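Notes follow once the structure below has been shown.
Residue numbers (my numbering), protein chains in the order written: chain A, 350 to 444; chain B, 13 to 143.
Right, here's the structure in full:
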């Protein structure tokens with residue numbers, strides 16, 4: 350029974366990490382679109398390259414944060430959460 | 013090799029400065045809470061360095077993709093993001109797994125560049141007023 354409980358904990362943590370990383374898809378698409386539009390803008394007004402690059406860098410940094418949140422949550426779910434949850438389970442069972 | 017754009021250096025320096033300030037602030041918070049030890053410093057140094065490196069590499073990715081066709085630029089940026097996430101994932105996982113790094117001190121600095129970006133409009137506004 351204990352093995353089953355530990356297996357469920359590990360499985361749910363891995364599943365949660367996978368689901369969390371779905372959030373990593375959005376920033377990739379968003380950054381790609383932003384860069385594509387920036388290319389277009391620079392093509393139209395080459396003299397504004399510096400401004401466009403600077404604005405885009407910060408835009409990309411903001412867009413990327415959601416992905417980073419997801420990444421950190423996934424890593425914590427894989428490496429930290431299982432040990433903590435198993436410890437809680439053991440304590441609850443008095444072992 | 014293509015020359016690195018001045019904008020990328022400038023913005024990376026700005027982000028690095030903010031990461032440094034926020035790192036000092038974080039160390040101070042750990043000190044005040046009496047939780048400070050060398051693992052906090054090591055964890056902070058590790059991730060702060062890679063957070064700035066991530067921003068710089070993103071700048072290089074942007075520079076490389078700006079000269080390309082729209083479709084090619086899109087895929088290049090996605091590829092750049094994937095590699096950078098892989099790099100960060102390895103670094104954060106190492107920081108969490110190795111006992112010589114404090115977990116919180118490893119995780120928090122990853123988000124410092126975002127804070128730097130949040131404060132950017134304030135300085136832009138100030139510069140605009142001065143001009």
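C-beta atoms are modelled at their ideal positions from N, C-alpha and C, and glycine is treated no differently. If you're wondering where the values come from, they're calculated on a predicted model, not measured in any experiment.
Practice item. Run down chain B in chain order and give the residues with a C-beta less than 8 angstroms from the C-beta of residue 380 of chain A. Key: Locating residue 380 of chain A in the first chain gives position 31, where the first residue counts as 1. Those within 8 angstroms of residue 380 of chain A in chain B are 89, 90, 93.
Review point. Just checking my contact of residue 104 of chain B with residue 424 of chain A at CB under 8 angstroms: how many whole Å lie between their CB atoms?
Key: Locating residue 104 of chain B in the second chain gives position 92, where the first residue counts as 1. Locating residue 424 of chain A in the first chain gives position 75, where the first residue counts as 1. Contact between residue 104 of chain B and residue 424 of chain A holds: CB atoms are separated by about 5 angstroms, below the 8 angstroms threshold.
Check your understanding: Could you give the C-beta distance for residue 121 of chain B and residue 59 of chain B, rounded to a whole number, given that I count them as a contact under 8 angstroms?
Key -> As a position in the second chain, residue 121 of chain B is number 109, starting the count at 1. As a position in the second chain, residue 59 of chain B is number 47, starting the count at 1. About 4 angstroms; that satisfies the 8 angstroms criterion.
Check your understanding: When burial is assigned at 16 or more other CB atoms within 10 Å of the CB, is residue 420 of chain A buried or exposed?
Key -> Stepping through the first chain from its first residue, residue 420 of chain A is reached at position 71. It is buried - the Cβ of residue 420 of chain A has at least 16 other Cβ atoms within 10 Å.
Point to revise | residue 46 of chain B classed as buried or exposed, judged by whether at least 16 other C-beta atoms fall within 10 angstroms | key: Numbered from its first residue, the second chain carries residue 46 of chain B at position 34. The residue is exposed, with fewer than 16 neighbouring Cβ atoms inside 10 Å.
Review point. Applying a beta-carbon distance threshold of less than 8 angstroms, which residues of chain A neighbour residue 109 of chain B?
Key: Within the second chain, numbered from 1, the residue matching residue 109 of chain B stands at position 97. Chain A residues near residue 109 of chain B: 428.
Review point. Does the separation of the CB atoms of residue 377 of chain A and residue 93 of chain B fall below 8 angstroms?
Key: Position 28 of the first chain, counted from the start, is the residue given in the question as residue 377 of chain A. Position 81 of the second chain, counted from the start, is the residue given in the question as residue 93 of chain B. Against a cut-off of 8 angstroms, the Cβ pair of residue 93 of chain B and residue 377 of chain A comes out as a contact.
Check your understanding: Per DSSP, what kind of secondary structure is residue 75 of chain B in: helix, strand or coil?
Key -> Position 63 of the second chain, counting from 1, holds the residue named residue 75 of chain B. Looking at residue 75 of chain B - three-state DSSP - the assignment turns out to be helix.
Exercise for review: Give the range of the alpha helix (DSSP H) segment to which residue 22 of chain B is assigned.
Suggested key: Taking the first residue of the second chain as 1, we reach residue 22 of chain B at position 10. Looking at the DSSP string, the run of the alpha helix (DSSP H) that includes residue 22 of chain B is 18-44.
Practice item. Compare the C-beta of residue 397 of chain A against all C-beta atoms of chain B and say whether one is closer than 8 angstroms. Key: Taking the first chain and counting its residues from 1, the one referred to as residue 397 of chain A is at position 48. So, not an interface residue.
Check your understanding: Rounded to the nearest angstrom, how far is the Cβ of residue 71 of chain B from that of residue 113 of chain B, given a contact under 8 angstroms?
Key -> The count along the second chain starts at 1 and reaches residue 71 of chain B at position 59. The count along the second chain starts at 1 and reaches residue 113 of chain B at position 101. With 8 angstroms as the limit, residue 71 of chain B and residue 113 of chain B do not qualify as a contact, their Cβ atoms being about 27 angstroms apart.
Review point. Taking C-beta to C-beta, are residue 402 of chain A and residue 17 of chain B nearer than 8 angstroms?
Key: To locate residue 402 of chain A, count along the first chain from 1; it is residue 53. To locate residue 17 of chain B, count along the second chain from 1; it is residue 5. Taking 8 angstroms as the Cβ cut-off, residue 402 of chain A and residue 17 of chain B qualify as a contacting pair.
Exercise for review: For residue 443 of chain A, name the three-state secondary structure that DSSP assigns.
Suggested key: As a first step, residue 443 of chain A must be located in the first chain, where it is residue number 94. Residue state, collapsed to three classes: coil.
Review point. Do residue 28 of chain B and residue 64 of chain B have their C-beta atoms closer together than 8 angstroms?
Key: Counted from its first residue, the second chain places residue 28 of chain B at position 16. Counted from its first residue, the second chain places residue 64 of chain B at position 52. Contact: yes.
Point to revise | Neighbouring residues, chain A, relative to residue 50 of chain B (Cβ below 7 angstroms) | key: As a working note, residue 50 of chain B is residue 38 in the second chain. None at all; the shortest Cβ gap to chain A is about 21 angstroms.
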